[in-house]
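Heads up: the sequence lines are chains A and B, in that order.
Each residue of the first sequence is one higher than the last, beginning at 6 in my numbering.
Each residue of the second sequence is one higher than the last, beginning at 50 in my numbering.
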Amino acid sequence: MRYAMAMDTKKCVGCSDCVVACQTENNVPHGYCRDWIVENVDGIYPNLELEIRSERCNHCDNTPCVRTCPTGASHVIEGGIVKVTHVECIGCGACIEACPYDARYFHPDGYVDKCTFCDHRTSKGQETACVAVCPTKCLYFGDLDDVNSPVSQVLLKRKWKVNAPEAGTKPQLYFLI
Amino acid sequence: MKKTSRRDFIKISALGAGGLAMANPIMNWVPGFLPKQQTPVDESKAKRFPTFCEVCFWKCAGFTYLNDEGKIQKIIGNEKDPHSNGRFCPRGTGGVGMYYDNDRLKQPLKRVVENGKSTFKPISWDEALDFIADKMKAIAKDSGPESMALLYHASSGSYFKHLMKAYGTKNIAKPSYAQCLGPREAGFVATYGAGISSPEPTDVRNTKCLVLIGNHIGENMHNGYIQEVSDAIDRGASIITVDPRFSTVASKSKYWLPIKPATDMALLLSWIHVLIYEGLYDKKYVEQYAFGFDELKAHVKNFTPEWAYAKTDIKPEDIRNSVHEMAKASPAVIVHPGRHTTWYGDDTQRTRAIAILNALLGSYGKKGGWYFPEKKKVPHYPAPAYPHPHWMWKDITRPTYKSAGTGISNDLITASLPNNNSEHKIKGWFIVGTNLLTTIPDKKKTLKAIQNLELMVVVDTMPMEITGYADIVLPECTYLERYDDIRSSQHRYPNISLRMPAAEPRWESKPGWWMARELGLRLGLQDYFKWENVEEQLDWKFKQMGTSLEEMQKIGVKVFDKEKDLYLADGEEYYFNTDTGKIELYSLDLEAKGYDPMPKYIEHKQPDENFYRLIYGRAPMHTFGRTSNNPNLNDLMDANKLWVNPKVAKIWGLENNQEIWLQNQDEVISSFSIKVRITERIRHDSVYLIHGFGKNNKNLSRAYGKGIDDSELITNVKIDPIMGGTGMRENFVTFITENPHKEEVKA
Numbered sequence: 006m007r008y009a010m011a012m013d014t015k016k017c018v019g020c021s022d023c024v025v026a027c028q029t030e031n032n033v034p035h036g037y038c039r040d041w042i043v044e045n046v047d048g049i050y051p052n053l054e055l056e057i058r059s060e061r062c063n064h065c066d067n068t069p070c071v072r073t074c075p076t077g078a079s080h081v082i083e084g085g086i087v088k089v090t091h092v093e094c095i096g097c098g099a100c101i102e103a104c105p106y107d108a109r110y111f112h113p114d115g116y117v118d119k120c121t122f123c124d125h126r127t128s129k130g131q132e133t134a135c136v137a138v139c140p141t142k143c144l145y146f147g148d149l150d151d152v153n154s155p156v157s158q159v160l161l162k163r164k165w166k167v168n169a170p171e172a173g174t175k176p177q178l179y180f181l182i
Numbered sequence: 050m051k052k053t054s055r056r057d058f059i060k061i062s063a064l065g066a067g068g069l070a071m072a073n074p075i076m077n078w079v080p081g082f083l084p085k086q087q088t089p090v091d092e093s094k095a096k097r098f099p100t101f102c103e104v105c106f107w108k109c110a111g112f113t114y115l116n117d118e119g120k121i122q123k124i125i126g127n128e129k130d131p132h133s134n135g136r137f138c139p140r141g142t143g144g145v146g147m148y149y150d151n152d153r154l155k156q157p158l159k160r161v162v163e164n165g166k167s168t169f170k171p172i173s174w175d176e177a178l179d180f181i182a183d184k185m186k187a188i189a190k191d192s193g194p195e196s197m198a199l200l201y202h203a204s205s206g207s208y209f210k211h212l213m214k215a216y217g218t219k220n221i222a223k224p225s226y227a228q229c230l231g232p233r234e235a236g237f238v239a240t241y242g243a244g245i246s247s248p249e250p251t252d253v254r255n256t257k258c259l260v261l262i263g264n265h266i267g268e269n270m271h272n273g274y275i276q277e278v279s280d281a282i283d284r285g286a287s288i289i290t291v292d293p294r295f296s297t298v299a300s301k302s303k304y305w306l307p308i309k310p311a312t313d314m315a316l317l318l319s320w321i322h323v324l325i326y327e328g329l330y331d332k333k334y335v336e337q338y339a340f341g342f343d344e345l346k347a348h349v350k351n352f353t354p355e356w357a358y359a360k361t362d363i364k365p366e367d368i369r370n371s372v373h374e375m376a377k378a379s380p381a382v383i384v385h386p387g388r389h390t391t392w393y394g395d396d397t398q399r400t401r402a403i404a405i406l407n408a409l410l411g412s413y414g415k416k417g418g419w420y421f422p423e424k425k426k427v428p429h430y431p432a433p434a435y436p437h438p439h440w441m442w443k444d445i446t447r448p449t450y451k452s453a454g455t456g457i458s459n460d461l462i463t464a465s466l467p468n469n470n471s472e473h474k475i476k477g478w479f480i481v482g483t484n485l486l487t488t489i490p491d492k493k494k495t496l497k498a499i500q501n502l503e504l505m506v507v508v509d510t511m512p513m514e515i516t517g518y519a520d521i522v523l524p525e526c527t528y529l530e531r532y533d534d535i536r537s538s539q540h541r542y543p544n545i546s547l548r549m550p551a552a553e554p555r556w557e558s559k560p561g562w563w564m565a566r567e568l569g570l571r572l573g574l575q576d577y578f579k580w581e582n583v584e585e586q587l588d589w590k591f592k593q594m595g596t597s598l599e600e601m602q603k604i605g606v607k608v609f610d611k612e613k614d615l616y617l618a619d620g621e622e623y624y625f626n627t628d629t630g631k632i633e634l635y636s637l638d639l640e641a642k643g644y645d646p647m648p649k650y651i652e653h654k655q656p657d658e659n660f661y662r663l664i665y666g667r668a669p670m671h672t673f674g675r676t677s678n679n680p681n682l683n684d685l686m687d688a689n690k691l692w693v694n695p696k697v698a699k700i701w702g703l704e705n706n707q708e709i710w711l712q713n714q715d716e717v718i719s720s721f722s723i724k725v726r727i728t729e730r731i732r733h734d735s736v737y738l739i740h741g742f743g744k745n746n747k748n749l750s751r752a753y754g755k756g757i758d759d760s761e762l763i764t765n766v767k768i769d770p771i772m773g774g775t776g777m778r779e780n781f782v783t784f785i786t787e788n789p790h791k792e793e794v795k796a
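Have a look at this one:
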């Protein structure tokens with residue numbers, strides 16, 4: 006099993022619903038977030054392009070965050086989901102430095118926190134909170150080992166890219182372009 | 050290791066990336082009211098209560114979930130609801146913040162003078178309601194009940210409307226008419242004999258081509274609408290966007306037409322010209338359903354794309370190609386009427402041109418164009434007939450604005466001014482859930498009227514600016530803590546929804562229905578409020594509609610069968626509710642009232658040197674000024690920024706995030722400063738900001754003084770002569786780079 010997420014830059018309007026839904030689902034404190042919106046503008050008026058992305062942890066295949074963690078708090082669970090065991094985390098911040106995607110933050114309670122692909126939901130067959138709420142349905146989640154999963158299907162049909170491929174982390178957050 | 054490369058990198062959410070930015074102590078703000086629970090709510094086991102959202106007018110239905118501690122945790126959409134289809138927008142999801150906001154109004158307040166200074170004194174509900182009832186009785190006795198006005202927007206307005214009508218006044222208005230969607234309603238009434246209403250019955254789900262005139266869907270999160278737009282993008286439908294700004298939806302459009310502001314009418318007329326003179330219009334449809342085609346044809350003869358190019362800056366081939374795209378999709382094409390249409394004062398006529406385009410494309414009443422919506426009638430709880438008022442808003446408004454469809458808030462404000470010599474004088478205001486000082490342009494006039502009132506009551510959940518001027522402030526509990534009247538909305542299928550409390554009201558706040566009833570009893574209107582509590586009243590109504598309160602408490606939304614067809618059948622006989630029974634391309638009604646029967650191009654003012662047109666709009670995570678203090682949504686965007694084209698920024702030497710002040714053409718200077726966002730997404734002759742910021746009430750701890758309130762710079766108001774709309778887009782600003790409010794003390 007290999008969980009992955011695809012997000013359609015053609016449909017996303019950058020409304021940040023994924024951000025709020027994640028916060029209310031996972032008790033993310035105000036002032037912090039596990040997912041966020043990035044907007045890229047290219048060109049000169051009136052020849053312009055705009056790309057909007059909803060970003061989060063890439064749940065990489067090759068995980069610099071897990072490698073640099075001195076206590077083993079950062080680890081990989083079934084399906085390739087990268088998690089942090091809060092009680093084992095000493096808040097040294099090595100993983101934050103190692104992550105090429107700025108996907109981790111210091112929780113005010115003294116540990117590092119990040120996206121979990123809502124494993125408390127996905128393990129029960131539910132969608133992640135961000136996927137379930139998205140009004141434009143631009144987020145797709147599922148198992149890449151299952152060719153019929155929504156994420157496999159959309160990646161077969163559409164062109165895609167990943168962020169910072171040069172980092173060599175084999176990220177599992179795909180952007181449909 | 051290198052971080053992700055980002056071109057012209059702008060994070061929409063202020064919280065932005067994780068990592069080091071998050072370690073900044075200023076951002077480590079954790080309010081004490083946050084639920085401490087760490088395990089997420091299990092939706093299959095958690096307690097939930099149906100509601101419909103009050104963060105905007107779309108009123109999506111969903112469920113409020115409680116956590117293990119019995120506290121409100123999250124709100125999730127109801128899958129049966131056609132407004133949301135089970136998915137809330139960011140504002141609806143963040144609606145929990147409205148409940149948890151500690152800046153809320155907490156107890157009834159009364160204006161008193163202490164040591165020569167006005168101040169608010171907390172009083173009991175009895176004291177507040179007795180005071181209001183006594184004043185209302187005195188006003189009724191001295192000037193007649195007609196001199197009380199109700200200005201409202203919130204859902205609970207329905208109960209106050211009932212109270213006011215029972216008391217004897219029909220001077221009732223919502224700013225959402227003359228300050229927002231009024232022109233499009235009047236334009237469609239003049240053409241099709243029917244307004245549009247909400248949600249708009251545009252069949253976006255099935256359209257092949259969607260045309261948006263300054264409509265920035267996606268930045269305004271009209272939920273069901275954006276969902277269908279997203280589906281349309283998936284299906285490969287083409288979008289045509291007309292906007293001087295490269296809006297989000299412009300970036301998703303096949304054609305973005307970066308129009309010179311205030312010239313939209315020229316473009317619309319040239320599209321009509323091409324459709325007619327290239328023979329691309331739906332001839333069969335026009336012949337069967339339309340009136341006045343020959344007059345229209347003669348009228349638009351000279352409005353060629355070349356003529357329009359000189360006005361609009363849009364190249365003739367782009368004008369032709371875009372309208373060819375529409376004709377190709379006909380009848381599955383929508384020229385969308387937009388929603389906030391009070392721009393330049395000729396707005397009803399501009400919407401008329403949009404209505405005419407839809408008729409020529411044969412899209413009204415057709416699949417992929419406009420469907421015929423249906424709505425369930427909500428029965429009235431038994432009560433005596435309302436007394437007949439001797440005069441009402443129509444007597445004030447209709448002599449001038451003959452096609453005004455509802456009361457006009459700014460007209461009722463004018464009728465409250467001290468220099469009002471007419472026989473129709475307003476002496477008291479009841480304001481429910483609307484911040485008049487920022488919704489109605491010309492704040493000075495509103496303040497002048499306020500000084501002349503004998504009674505001013507404000508019902509709200511938050512200490513908005515307007516509450517500061519009230520005699521009595523009544524704290525309403527949020528929508529998550531109260532019942533409200535039934536939501537019955539037009540849609541493909543008629544449907545109703547229930548809102549019920551998920552928590553007890555915080556502090557001493559109370560639901561609107563309770564306030565209205567208590568006032569009714571004090572005013573001797575007990576026959577109009579024969580129900581003991583709102584559950585009894587709602588249950589009676591639900592039972593008349595074939596359900597019950599008990600059932601609705603479980604399901605939240607009920608969808609009924611249709612009674613009429615969604616679309617016109619091919620060649621079906623259909624009579625429109627106009628004078629001719631046809632779609633009036635040439636409007637006999639407007640002509641009879643002394644207005645132009647067909648839309649004309651009027652040259653509007655363009656900015657003087659060093660001035661820029663002030664364009665305002667929406668952000669997806671905010672609803673005007675209602676949400677700027679909401680802790681969840683403020684977190685996403687805590688202030689607006691001023692979009693400035695790089696060429697303009699260079700001339701002025703502006704830098705990104707530099708704080709500047711704005712001064713308008715009437716030398717009004719903004720109260721606060723705003724950060725500059727230099728972006729190619731805005732034309733060189735305009736600047737853009739999000740409406741609803743620059744809050745002036747210090748009790749709004751998160752929103753106070755953040756960004757600029759566009760409405761204080763909107764002093765040039767272009768009134769629509771047909772329906773009285775307040776056109777707000779002919780205001781121009783220049784930049785001030787040094788703080789103009791700095792105090793200078795000379796020794």
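We put the beta carbon where it would ideally sit given N, CA and C, even for glycine.
Asked: Counting only beta-carbon separations shorter than 8 Å, does residue 68 of chain A have a partner in chain B?; Found: no
Asked: Can you give me the C-alpha to C-alpha distance between residue 376 of chain B and residue 410 of chain B, rounded to a whole angstrom?; Found: 6 Å
Asked: Give the C-beta separation of residue 690 of chain B and residue 726 of chain B to the nearest angstrom, bearing in mind that I take them to be a contact with Cβ-Cβ under 8 Å.; Found: 4 Å
Asked: Counting only runs that start and end within the stretch 29-86 of chain A, where is the beta strand (DSSP E) found for 3 or more residues in a row?; Found: 41-49, 52-60, 79-81
Asked: Can you tell me the Cβ-Cβ gap for residue 270 of chain B and residue 20 of chain A, rounded? I've got them flagged as a contact below 8 Å.; Found: 6 Å
Asked: What residues from the stretch 170-184 of chain B come within 7 Å of chain A, judged by C-beta to C-beta, listed N to C?; Found: none
Asked: Counting only the same chain and skipping the five closest in sequence on each side, list residues whose C-beta sits under 8 Å from that of residue 37 of chain B.; Found: Since the first and last residues shown for chain B are 50 and 796, residue 37 of chain B lies out of range.
Asked: What residues of chain B sit near residue 54 of chain A, judged by a beta carbon separation below 8 Å?; Found: 300
Asked: Spell out the partners DSSP gives residue 112 of chain A in its beta bridges.; Found: A:116
Asked: I need the DSSP call for residue 562 of chain B, collapsed to helix, strand or coil.; Found: helix
Asked: By how many angstroms is the C-alpha of residue 774 of chain B removed from the C-alpha of residue 214 of chain B?; Found: 25 Å
Asked: Hey, how far is the Cα of residue 204 of chain B from the Cα of residue 757 of chain B?; Found: 28 Å
Asked: What runs of the alpha helix (DSSP H), each 4 residues or longer, lie entirely inside the stretch 648-729 of chain B?; Found: 680-683, 695-701
Asked: Using a Cβ cut-off of 8 Å (strictly closer), state whether residue 48 of chain A contacts chain B.; Found: yes
Asked: What's the C-alpha gap between residue 575 of chain B and residue 265 of chain B?; Found: 47 Å
Asked: Taking beta-carbon pairs under 8 Å, can you tell me which members of the stretch 27-42 of chain A lie near chain B?; Found: 28, 29, 30, 31, 32, 34, 35, 36, 37, 38, 39, 41, 42
Asked: Give me, in chain order, the residues of the same chain whose beta-carbon lies closer than 7 Å to that of residue 394 of chain B; leave out the 5 immediate sequence neighbours on both sides.; Found: 767, 768, 769, 776
Asked: Taking all protein chains shown into account, decide if residue 794 of chain B is buried (16 or more other Cβ within 10 angstroms of its Cβ) or exposed.; Found: exposed
Asked: First and last residue of the beta strand (DSSP E) that includes residue 161 of chain B?; Found: 158-163
Asked: Within 10 angstroms of the Cβ of residue 177 of chain A, are there 16 or more other Cβ atoms? Answer buried if so, exposed if not.; Found: buried
Asked: Where does residue 500 of chain B sit, in a helix, a strand or coil, going by DSSP?; Found: helix
Asked: Can a CB atom of chain A be found closer than 8 Å to the CB of residue 681 of chain B?; Found: yes
Asked: Can you find the residues in the same chain that come closer than 8 Å, C-beta to C-beta, to residue 682 of chain B, ignoring five residues on each side of it along the sequence?; Found: 139, 140, 143, 146, 670, 671, 676
Asked: Of all the options B:262, B:331, B:279, which has the alpha carbon lying nearest to the alpha carbon of residue 314 of chain B?; Found: B:262
Asked: For the stretch 122-146 of chain B, list every residue whose C-beta sits within 7 Å of some C-beta in chain A, in sequence order.; Found: 122, 123, 136, 137, 138, 139, 142, 143, 145
Asked: For residue 125 of chain A, go through chain B and note every residue whose CB falls closer than 9 Å to its CB, in chain order.; Found: 88, 89, 91
Asked: Looking only at its own chain, which residues have a Cβ that is under 8 Å from the Cβ of residue 680 of chain B, when we skip the five neighbours before and after it?; Found: 80, 146, 149, 150, 751
Asked: Is residue 480 of chain B buried or exposed, if buried means 16 or more other CB atoms sit within 10 Å of its CB?; Found: buried
Asked: Mind checking who residue 153 of chain A pairs with in its DSSP beta bridge?; Found: For residue 153 of chain A, which the question treats as bridged, DSSP gives no partner whatsoever.
Asked: Does the beta-carbon of residue 107 of chain B have 16 or more other beta-carbons within 10 angstroms, so that it is buried, or is it exposed?; Found: buried
Asked: Report yes or no: is there a C-beta of chain A within less than 8 Å of the C-beta of residue 678 of chain B?; Found: no
Asked: Taking its Cβ as the centre, do 16 or more other Cβ atoms sit within 10 Å of residue 482 of chain B, making it buried, or is it exposed?; Found: buried
Asked: Would you be able to state if there are at least three C-beta pairs under 8 Å between the stretch 228-242 of chain B and the stretch 385-393 of chain B?; Found: yes
Asked: Can you pull the DSSP bridge partners for residue 733 of chain B?; Found: Residue 733 of chain B pairs with nothing; no bridge assigned.
Asked: Give the range of the alpha helix (DSSP H) segment to which residue 342 of chain B is assigned.; Found: 342-348
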